[in-house]
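Single-structure report; data block below.
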Amino acid sequence: MKANDSAVKPRIVRCPTCGGDSVFAPSNLWRPFCSERCRQIDLGAWASESYAVEAKPPSPDDADEPLSH
Ligand SMILES: [Zn+2]
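If you read the sequence shown in numbering that gives the first Met the number 0, its first letter stands for residue 0, the second for the next number, and so on.
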């Protein structure tokens, strides 16, 4: 069993922007991206599409405001 390997080995993930290898470790400030550039590109793309992505209507059940006490 190798349950604790993740604590020793750096995890390699795929950079969401360029699809390259990215080190998923505290040493990589831009994780899960491989570099600052890829991170900025992704954030920019996300911001421009946020209107379409943020299509979640507010659920009335989540309104937890005490109307009366
Ligand atoms: Zn990248």
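Using N, Cα and C, we set each Cβ at its ideal position, and we do this for glycine too.
Note that the coordinates shown come from a computational prediction; the quantities given were computed from them, not determined experimentally.
Query                                                                   : Result
Beta-carbon proximity check, C33 vs S47, cutoff 8 Å                     : no
F23 versus W29: straight-line alpha-carbon distance, rounded            : 9 Å
With 16 other Cβ atoms within 10 Å as the buried cut-off, status of R38 : buried
Counterpart residues of R13 in DSSP-defined beta bridges                : D20
Three-state secondary structure assigned by DSSP to R36                 : helix
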